[in-house]
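Chemist: The following block contains the structure, expressed as structure tokens.
2 protein chains.
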Amino acid sequence: MDKKNYIGEIPLFKGLTEKQLEKLSDIGLNCAFKKSDTVFSDGEDADGFHVLQSGRVKIFKLSYEGREQILHIINAGEPFGEAPVFAGEKFPAYAEALEDSGTIFFPRAPFIELINNDPLIAMNMLAILSQRLKRFTQLVENLSLKEVPQRLAAYLLYSGEVEEGHDNFELNIAKGQLASILGTIPETLSRILSKMVNQDLIRVQGRTIKLINKKGLEELSSGERVLA
Amino acid sequence: MDKKNYIGEIPLFKGLTEKQLEKLSDIGLNCAFKKSDTVFSDGEDADGFHVLQSGRVKIFKLSYEGREQILHIINAGEPFGEAPVFAGEKFPAYAEALEDSGTIFFPRAPFIELINNDPLIAMNMLAILSQRLKRFTQLVENLSLKEVPQRLAAYLLYSGEVEEGHDNFELNIAKGQLASILGTIPETLSRILSKMVNQDLIRVQGRTIKLINKKGLEELSSGERVLA
DNA sequence: CGGGTACTTGACAATGGTCAAGTGTGGTGG
DNA sequence: CCACCACACTTGACCATTGTCAAGTACCCG
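Chains A and B, in that order, give the protein sequences.
Numbering-wise, our numbering puts 8 at position 8 of the first sequence, and it's gapless, one number per residue.
Counting the second sequence from 1 gives a position; our numbering is that position plus 228.
Structure representation (structure tokens):
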């Protein structure tokens, strides 16, 4: 079984001893989800958390009318649903597989016991939660203080840095999902992309985006410039 | 010196031994801020975090145009600016004293050392960060998926529960600051309060709010009902 | 009592969401 | 291999929510 080896690769569990990995491997349970399966629901009792092994998962909230706001896209190696392990005890949002996905589920009680004996896991977990907080701070800033074109510009610049091919990259999600990340709807996103194309800021072909005028995008994202 | 005794009262440091409190007391530095003093600024290097001893502090972001979104109001006993201790190393927002305030500042390095030797502090810190994440989740949900009347209704119901006098309480902040918590501006807040008064949902007198129709407010906050 | 700040109210504008219709496009089955 | 269906996306017309600007009122502190 290579579960243990895999666990050793997870950033959250970097630097642990063989013995600790052994224990983690003992308490971790493999789970499989098909595309668009629900992993957990908002308000559901949480008796542990997942680490994504393969595939992708979106964490999101739903409005009364059914609109969706994506809080986070989880990629392989990242934990999710970990906050209720330490406080609240209920999942604070929905989680759904964007593709067929595999996770390792760590039940709460044995995991907490493990942490109590090892500050390193705790420190790693603190780092991850802190990172999440920082991202949420940005998300709140974007939603409350920036308009959709600014948010989109920032997203494109950020993606352009992360993906290969600094100014010519492929969206790794559907445009509708991107809208949901940016806190808007597909129609609005579509219109703004058109405007950006008209102003020669970007070029769009399906899911491929080419950044033509990075300077302009940066001005947009900071708010110096507006997308008339 | 009663610093040590005070530290023992802080929720974050509950359950520690005398010796640990001693150490914390050794590394903690007293700070004083006058009303509207800046405690730290967005992007500033963080070499530690504060615990608020007295007064109140707001944590907030600013837009390009200068609009303010409050992320959190810190009350006595709560830590703030703790995330960059574990990740990022820069404060992710502004902090400003709402009143004359006193804090204890814990420098990063000795604090981390302390944590490495004591899982209990780590667990408490994990609980606090998790709690923050949950609150941020709600904040994102409110900003992105709810309209201002819904947010206000939820806020009033929540405050009504927390404060004494379940349905007749005093706002502990200026209305302009409340607007900034709700992600809007004073003018909009003012109008919505008027509408709520007209519909006999609440009564307002200066900073005193009386909840007349809790059921109606609940329907509003959930989205079943709209504020025509 | 005076002055500044907080708050309110009105008229207006614009961002962005809703509804509706149309245009691909990819995947499946005949 | 092609046809078709479903679904993602686009585009247009409309309108609600909410932010901006401006003016006026109330209130608190000195």
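Just so you know, even glycine gets a beta-carbon here, dropped at the ideal spot from N, CA and C.
Residue 435 of chain B by DSSP, collapsed to three states: which one?
Modeler: In this structure, residue 435 of chain B counts as coil in the three-state DSSP scheme.
Chemist: Looking only at its own chain, which residues have a Cβ that is under 6 Å from the Cβ of residue 99 of chain A, when we skip the five neighbours before and after it?
Modeler: Excluding residues within five positions, the ones whose Cβ falls inside 6 Å are 35, 55 and 56.
Chemist: Going by CA-CA distance only, name the one from A:209, A:83, A:14 and A:220 that's closest to residue 170 of chain A.
Modeler: When only C-alpha atoms are compared, the closest one is A:209.
Chemist: Flag this pair as touching only if the region 117–125 of chain A and the region 42–54 of chain A have three or more C-beta atom pairs under 8 Å; answer yes or no.
Modeler: No: the two stretches stay apart, fewer than three of their Cβ pairs being nearer than 8 Å.
Chemist: Between the Cα of residue 251 of chain B and those of B:386, B:346 and B:415, spot the shortest distance and give me the residue it belongs to.
Modeler: Residue B:346 is the option with its Cα nearest to residue 251 of chain B.
Chemist: For residue 369 of chain B and chain A, any beta-carbon pair shorter than 8 Å?
Modeler: Judged by the 8 Å Cβ criterion, residue 369 of chain B is in contact with chain A.
Chemist: Less than 8 Å between the C-beta atoms of residue 368 of chain B and residue 177 of chain A, yes or no?
Modeler: Contact: no.
Chemist: For residue 325 of chain B and residue 299 of chain B, which I take to be in contact (beta-carbon distance under 8 Å), what is that distance rounded to the nearest angstrom?
Modeler: Not confirmed; about 15 Å, so no contact.
Chemist: Do residue 217 of chain A and residue 357 of chain B come within 8 Å of each other at the CB atom, strictly closer than that value?
Modeler: No, Cβ-Cβ distance for residue 357 of chain B and residue 217 of chain A is not below 8 Å.
Chemist: The alpha helix (DSSP H) spanning residue 226 of chain A covers which residue range?
Modeler: Per DSSP, residue 226 of chain A belongs to no alpha helix (DSSP H) and is neither H nor E.
Chemist: Can a CB atom of chain A be found closer than 8 Å to the CB of residue 295 of chain B?
Modeler: Output row for residue 295 of chain B: interface = yes.
Chemist: Please say whether residue 430 of chain B and residue 384 of chain B have beta carbons closer to each other than 8 Å?
Modeler: Yes, they are a contact pair.
Chemist: Check the Cβ-Cβ distances between residue 338 of chain B and every residue of chain A, and say whether any is below 8 Å.
Modeler: False, the Cβ-Cβ gap to chain A never drops below 8 Å.
Chemist: Using a Cβ-Cβ cutoff of less than 7 Å, which residues in the same chain neighbour residue 441 of chain B once the five nearest sequence positions on both sides are dropped?
Modeler: These residues qualify, in order along the chain: 428 and 429.
Chemist: Could you spell out the range, first to last residue, of the beta strand (DSSP E) harbouring residue 97 of chain A?
Modeler: Start and end: 94–97.
Chemist: DSSP state of residue 365 of chain B, grouped into three classes?
Modeler: Helix.
Chemist: Going by the beta-carbon positions, is the gap between residue 192 of chain A and residue 152 of chain A smaller than 8 Å?
Modeler: Contact flag set, yes.
Chemist: Report the rounded CA-to-CA distance for residue 287 of chain B versus residue 33 of chain A, giving the unit in angstroms.
Modeler: When rounded, the distance between both Cα atoms is 39 Å.
Chemist: Counting only C-beta atoms, is residue 116 of chain A closer than 8 Å to chain B at any point?
Modeler: With 8 Å as the cut-off, residue 116 of chain A counts as an interface residue toward chain B.
Chemist: DSSP three-state call for residue 68 of chain A: helix, strand or coil?
Modeler: DSSP places residue 68 of chain A in strand when its eight states are reduced to three.
Chemist: Could you check the C-alpha separation between residue 7 of chain A and residue 75 of chain A for me, to the nearest Å?
Modeler: If you take the alpha carbons of residue 7 of chain A and residue 75 of chain A, they lie about 15 Å apart.
Chemist: Where do the N-terminal and C-terminal ends of the alpha helix (DSSP H) with residue 239 of chain B fall, by residue?
Modeler: Neither: residue 239 of chain B is in no alpha helix (DSSP H) and is coded neither H nor E.
Chemist: How many whole angstroms separate the CB atoms of residue 79 of chain A and residue 51 of chain A, which I take to be in contact at a CB cut-off of 8 Å?
Modeler: Correct: roughly 5 Å between the Cβ atoms.
Chemist: Rank B:258, B:240 and B:343 by C-alpha distance to the C-alpha of residue 330 of chain B and give the top, closest one.
Modeler: Nearest C-alpha to residue 330 of chain B: B:258.
Chemist: Can you tell me the Cβ-Cβ gap for residue 333 of chain B and residue 276 of chain B, rounded? I've got them flagged as a contact below 8 Å.
Modeler: At roughly 6 Å, the Cβ-Cβ gap stays under 8 Å, so residue 333 of chain B and residue 276 of chain B are in contact.
Chemist: What residues of chain A sit near residue 333 of chain B, judged by a beta carbon separation below 9 Å?
Modeler: Those within 9 Å of residue 333 of chain B in chain A number zero; the least Cβ separation is about 18 Å.
Chemist: Helix, strand or coil for residue 61 of chain A, going by three-state DSSP, please let me know.
Modeler: The answer is strand: DSSP assigns residue 61 of chain A an E or B state.
Chemist: Taking 7 Å as the limit between beta carbons, can you name the residues of its chain near residue 90 of chain A, skipping five residues before and five after?
Modeler: Once the five neighbours on either side are set aside, the close Cβ partners of residue 90 of chain A are 43, 44, 45, 46 and 84.
Chemist: Distance, Cα to Cα, residue 233 of chain B vs residue 432 of chain B?
Modeler: Going by the C-alpha atoms only, they are around 41 Å apart.
Chemist: Kindly indicate which residue of A:187, A:194 and A:148 has the alpha-carbon position closest to the one of residue 222 of chain A.
Modeler: Minimum Cα distance to residue 222 of chain A is reached at A:148.
Chemist: Using a 10 Å radius around the Cβ and a threshold of 16 neighbouring Cβ atoms, would you call residue 408 of chain B buried or exposed?
Modeler: Buried, because 16 or more other Cβ atoms sit within 10 Å of the Cβ of residue 408 of chain B.
Chemist: According to DSSP, is residue 160 of chain A part of a helix, a strand, or is it coil?
Modeler: Residue 160 of chain A: helix per DSSP, three-state reduction.
Chemist: Quick one: is residue 61 of chain A buried, meaning 16 or more other Cβ sit within 10 Å of its Cβ, or exposed?
Modeler: Per the 10 Å Cβ criterion, buried.
Chemist: I'd like to confirm something about residue 424 of chain B: is its beta-carbon nearer than 7 Å to some heavy atom of the ligand ZN, or not?
Modeler: Among the components modelled here there is no ligand, and therefore nothing to report on the ligand ZN.
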